[in-house]
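Trainee: Have a look at this one.
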Amino acid sequence: MSRQIEFLQHKAKNIRLDILEMIYNAKSGHLGGSLSMVEALVALYFDVMNYDPKNPERIDRDRFVLSKGHTAPALYATLAAAGFFPREWLMTSFRGINSKLQGHPDMKKTPGIEMTTGSLGIGLSAANGMALASKIKNIPYKVYCMIGDGETNEGQIWEAAATASHYKLNNVIAFIDENRLQNDAQTLEVKDMDSQINKWESFGWHTQQIDGHDYLQIFGAIDYANICTDRPSLIVLRTIKGKGVTFMENAVEWHGKTPSKEEYERAKAELS
Amino acid sequence: MYKSFRAALSKELEKCAKLYPDLVVLNADCARALQLSNFTKRFPDRMICVGISEADMLTTAAGLSAAGMLPVVVGFSMFTTAKPFEQIRQAIAYPNLNVKIIATHAGLCVGKDGATHQILEDIAIMRTLPNFKIFVAADVSETSSAISAMLLHDGPAYLRLGRDMAQDIFEEGKDVKVGGSDVLRQGKDVAIVACGLMVEQSLKAAEILKADGIDATVINAYSLKPLDSATIIQKAKENGAVITAEDHSIIGGLGGAVAELLASSYPVPMEFVGVKDLFGESGEQDELYRKYGLTAEDIAKAALRAMDRKDRSVQNV
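Sequence lines, in order, name chains A and B. The numbers in the working numbering rise by one with no breaks, and the one at position 133 of the first sequence is 133. With positions in the second sequence counted from 1, the corresponding number in the working numbering is that position plus 1000.
Next up, the structure:
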């Protein structure tokens, strides 16, 4: 739809503010990993992906699977901005009783959510299933999948990586949100998975590594992935966890912490 | 006549593939072991093998279903229910996706492969999942009918099968429906509720009891979830004692399900025939059934124990 950087930056700014607002409001949720993947979501939903929010079940739509389901706030804010549901839901219906926006993505409760996730490691397998369906039914569409770098500790990610490669699923484009932090500590300390590029390459994937906050690099990488038609594609997004709020950036404690009123005010001022 | 569960599976899936254009079968490197080579030959694009990675397989099936396909996952029960249980819970049961799981090799009937392959817990764990329907087939006719019934039903379902052969009990085309059961023998002294291969043993047990002048009711509870509550409660009332028989742990399976039902509706003395909180071991199926107490004689003895308590409870009143 638009590769005007200013327009996308404006979208990203509002989405970051919504993420902060909804997590502060709910007194619960995952800020750090939500803030790190905003540019990728904005690029996908406001330019790359083919979908119709008025007809979210359209059979040939592109799909997005959030494998790192705990960062649902970023996806909810993006889906609201893309017109799948009213923006008020973000403030009235996140993580509360009877809510449409569950703590982790629920495909049966929230329009625009393609797969129920939250248990780490399962998203890429589900994305492969959707991609296989496209091949079998001969209805062309793309399936995008966002995986956490910590999440690649899960063995199922590698089972799915091998499956996508075996079936030459060129309609799968996976991202790793490589913010280098997971729940307890730095990814290198918890379990050293470096180098992602070498691992995925050896699994038969086309791989690229870019700055995950730079729209030109994101579009360039997706365009390049689309040219590569003989295998699935991985794009490692080098990102900053907590991006946009100086005291949250690269700070492990902001994985799942709720800001105090003062922290919220400071964060809001920085993001505005 | 004894017939093979796996041959029935293959035949039925080929039939259903023609009826359901969106049907795809997923396996984890066991299509040949399940005798599905013919299906693979006839429908090469609709047989998906993900390799030996069951967690990936069940979640891939969820993705296929989310994109409008009708995935049928086949495999050995141990590795198709227990191993990927969390994926089944998160990606299939919770979003209520239309994925079917058909698993062979459930119970001690696995035989020589031993305890690692003899799952005695699958009914117990699968029964805890909301949205799932569960069937256990007693013979090949019931296998075919159960596959038809589970494909007609819109939602996740699990069909449990034995490893090898089953004695014919039903005519071809027997009725199977969600929440159904069959009263195979109407008695008045004790009701035997059985599933799977223990249905044959229960019918034999009824003959043993008959020789002692005891008139047993035999129910084939092929729908484990939901149970045919009305029939089971009715037969508990008519007989006053109930026993269950299953090639499964006595914890959480058919016995657990019937006990939960009767405890809250019509409590009667109960006995449980099944594997008593133990793991199995290698051996022939009949040797294992004898050693672990899954024979017709064991069922008949259990019936007498339950009836004994019924009589005492009547005297106490």
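For glycine and all other residues, C-beta sits at the position ideal for the given N, C-alpha and C. If you're wondering where the values come from, they're calculated on a predicted model, not measured in any experiment.
Using the three-state DSSP reduction, which class does Ile1192/B fall into: helix, strand or coil?
Mentor: Counted from its first residue, the second sequence places residue 1192/B at position 192. Looking at Ile1192/B - three-state DSSP - the assignment turns out to be strand.
Trainee: Using CA coordinates, which residue listed in Ile1123/B, Glu1200/B, Arg1185/B and Cys1195/B is at the minimum distance from Lys1235/B?
Mentor: By one-based count along the second sequence, residue 1235/B stands at place 235. Answer by Cα proximity: Arg1185/B.
Trainee: Taking 9 Å as the CB-CB cut-off, is Asp106/A touching chain B?
Mentor: Stepping through the first sequence from its first residue, residue 106/A is reached at position 106. Yes, contact with chain B.
Trainee: Between the Cα of Arg1163/B and those of Ala1241/B, Ile1192/B, Leu1261/B and Val1140/B, spot the shortest distance and give me the residue it belongs to.
Mentor: Translated into positions along the second sequence, residue 1163/B becomes position 163. The residue with the shortest Cα to Cα distance from Arg1163/B is Val1140/B.
Trainee: Give the residues from the region 1088–1100 of chain B that approach chain A closer than 9 Å (Cβ to any Cβ), ordered along the chain.
Mentor: Within the region 1088–1100 of chain B, the qualifying residues are Arg1089, Gln1090, Ala1091, Tyr1094, Pro1095, Asn1096 and Leu1097.
Trainee: Which residue wins for smallest C-alpha separation from Gly1196/B, given the options Lys1310/B, Leu1036/B, Asn1220/B and Tyr1158/B?
Mentor: Residue mapping note: residue 1196/B aligns to position 196 of the second sequence, counting from 1. Nearest of Lys1310/B, Leu1036/B, Asn1220/B and Tyr1158/B to Gly1196/B, Cα basis: Asn1220/B.
Trainee: Is the region 118–126 of chain A touching the region 1055–1062 of chain B, taking contact as three or more C-beta pairs under 8 Å?
Mentor: Contact between the region 118–126 of chain A and the region 1055–1062 of chain B is present, because at least three Cβ pairs lie under 8 Å.
Trainee: Is the CB of Pro1071/B under 9 Å away from at least one CB in chain A?
Mentor: Taking the first residue of the second sequence as position 1, residue 1071/B is located at position 71. Pro1071/B counts as touching chain A.
Trainee: From Pro73/A, Asp60/A, Tyr45/A and Ala43/A, pick the residue whose C-alpha is nearest to that of Arg16/A; which is it?
Mentor: Taking the first residue of the first sequence as position 1, residue 16/A is located at position 16. Nearest C-alpha to Arg16/A: Pro73/A.
Trainee: Examine chain A for any beta-carbon lying closer than 9 Å to the beta-carbon of Gly1063/B, and answer yes or no.
Mentor: For the purposes of this step, residue 1063/B is taken as the residue at position 63 of the second sequence. Gly1063/B counts as touching chain A.
Trainee: Which residue wins for smallest C-alpha separation from Ser28/A, given the options Ala40/A, Phe46/A and Arg95/A?
Mentor: Along the first sequence, read from residue 1 onward, the residue named residue 28/A stands at position 28. The residue with the shortest Cα to Cα distance from Ser28/A is Arg95/A.
Trainee: Which residue from Ile1251/B, Asp1215/B and Asn1131/B puts its Cα closest to that of Ala1241/B?
Mentor: In the second sequence, residue 1241/B corresponds to position 241, counting from 1. Among Ile1251/B, Asp1215/B and Asn1131/B, the Cα nearest to that of Ala1241/B is on Asp1215/B.
Trainee: Should Ile5/A go down as buried or exposed, given a rule of 16 or more other Cβ atoms within 10 Å for buried?
Mentor: Mapped onto the first sequence, residue 5/A falls at position 5. With fewer than 16 other Cβ atoms within 10 Å, it is exposed.
Trainee: For Asp1113/B, which residues does DSSP report across the bridge?
Mentor: As a first step, residue 1113/B is located in the second sequence; it is residue number 113 there, counting from the start. Asp1113/B is not bridged to any residue.
Trainee: Drop a sphere of 10 angstroms on the beta-carbon of Ala126/A, count the other beta-carbons inside from all chains shown, and report buried for 16 or more, exposed for fewer.
Mentor: Mapped onto the first sequence, residue 126/A falls at position 126. Buried: at least 16 other Cβ atoms inside 10 Å.
Trainee: So, is the C-beta of Leu132/A closer than 9 Å to a C-beta in chain B?
Mentor: Stepping through the first sequence from its first residue, residue 132/A is reached at position 132. Cβ-Cβ to chain B under 9 Å: yes for Leu132/A.
Trainee: Output, in chain order, the set of chain B residues within a Cβ distance shorter than 8 Å of Lys242/A.
Mentor: Working through the first sequence from its first residue, we reach residue 242/A at position 242. For the sequence presented, residue 242/A should be read as Gly rather than Lys. Within chain B, no residue comes near Gly242/A; the closest Cβ sits about 27 Å away, beyond 8 Å.
Trainee: Under a three-way DSSP split, which group does Leu1009/B fall into?
Mentor: Against the second sequence, residue 1009/B aligns to sequence position 9. Residue state, collapsed to three classes: helix.
Trainee: In chain B, which residues lie with their C-beta within 8 Å of the C-beta of Gly148/A?
Mentor: If you number the first sequence from 1, residue 148/A lands on position 148. Going along chain B, no residue has its Cβ under 8 Å from Gly148/A, so there is no contact; the nearest lies around 16 Å.
Trainee: I need the boundaries of the beta strand (DSSP E) containing Pro1071/B, first residue and last residue.
Mentor: For the purposes of this step, residue 1071/B is taken as the residue at position 71 of the second sequence. Pro1071/B -> beta strand (DSSP E) spans Leu1070 to Phe1076.
Trainee: Would Val1024/B pass as an interface residue toward chain A - the criterion being a Cβ-Cβ separation below 9 Å?
Mentor: Working through the second sequence from its first residue, we reach residue 1024/B at position 24. So yes, Val1024/B belongs to the interface.
Trainee: So which residues on chain B does Met115/A lean against when the C-beta distance must stay under 8 Å?
Mentor: By 1-based counting over the first sequence, the position of residue 115/A is 115. In chain order: Ala1062, Gly1063, Ala1066, Ala1091 and Pro1095.
Trainee: Less than 8 Å between C-beta atoms, sequence neighbours within five positions excluded: which residues of the same chain meet that for Arg1042/B?
Mentor: Taking the second sequence and counting its residues from 1, one reaches residue 1042/B at position 42. Same-chain partners within the cutoff: Glu1014 and Ala1017.
Trainee: In whole angstroms, what separates the C-alpha of Met193/A from that of Glu1284/B?
Mentor: Counting from 1 along the first sequence, the entry for residue 193/A is found at position 193. Counting from 1 along the second sequence, the entry for residue 1284/B is found at position 284. Each residue's alpha carbon lies about 46 Å from the other.
Trainee: Which residue wins for smallest C-alpha separation from Glu151/A, given the options Pro140/A, Lys191/A, Lys168/A and Gly129/A?
Mentor: Locating residue 151/A in the first sequence gives position 151, where the first residue counts as 1. Ranking the options by Cα distance to Glu151/A, first place goes to Lys191/A.
Trainee: Tell me the DSSP secondary structure of Ile136/A in three-state form.
Mentor: Within the first sequence, the letter at position 136 stands for residue 136/A. If DSSP states are grouped into helix, strand and coil, Ile136/A belongs with the helices.
Trainee: Where does Asn179/A fall in DSSP's three states?
Mentor: In the first sequence, the residue the question calls residue 179/A occupies position 179. In the structure shown, Asn179/A sits in coil (DSSP, three-state: anything other than H, G, I, E or B).
Trainee: Can you list the beta strand (DSSP E) stretches of 3 or more residues lying completely in the region 183–242 of chain A, in chain order?
Mentor: Runs found: 206–211 and 233–238.
Trainee: Where DSSP assigns a beta bridge to Asp1182/B, which residues make up the other side?
Mentor: Start at 1 with the first residue of the second sequence, and residue 1182/B comes out as number 182. DSSP lists Asn1220/B as partners of Asp1182/B.
Trainee: Per the contact definition of three or more C-beta pairs closer than 8 Å, is the region 1092–1103 of chain B in contact with the region 1152–1162 of chain B?
Mentor: Touching, yes, given that three or more Cβ pairs across the two stretches are closer than 8 Å.
Trainee: Please classify Phe1170/B as buried or exposed, where buried requires at least 16 other C-beta atoms within 10 Å of its C-beta.
Mentor: The residue given as residue 1170/B occupies position 170 in the second sequence. That one is buried.
Trainee: Please name the residue or residues paired with Thr1104/B in a DSSP beta bridge.
Mentor: Mapped onto the second sequence, residue 1104/B falls at position 104. Answer by DSSP bridge pairing, in chain order: Phe1076/B.
Trainee: Measuring alpha carbon to alpha carbon, tell me which residue in Thr1128/B, Gln1118/B, Leu1120/B and Ala1103/B is nearest Tyr1158/B.
Mentor: Mapped onto the second sequence, residue 1158/B falls at position 158. Tyr1158/B has its Cα closest to that of Ala1103/B, out of Thr1128/B, Gln1118/B, Leu1120/B and Ala1103/B.
Trainee: Taking buried to mean at least 16 other C-beta atoms within 10 Å of its own C-beta, is Pro1084/B buried or exposed?
Mentor: In the second sequence, the residue the question calls residue 1084/B occupies position 84. That one is buried.
Trainee: Please determine, among Ala267/A, Phe46/A, Gly32/A and Met146/A, the residue with the shortest C-alpha to C-alpha distance to Ala82/A.
Mentor: On the first sequence, residue 82/A is found 82 positions in, with the first residue counted as 1. The residue with the shortest Cα to Cα distance from Ala82/A is Phe46/A.
Trainee: Going by DSSP, what residues sit across from Ser93/A in a beta bridge?
Mentor: What you label residue 93/A is simply residue 93 of the first sequence in a count that begins at 1. Paired residue(s): none; Ser93/A is not in a bridge.
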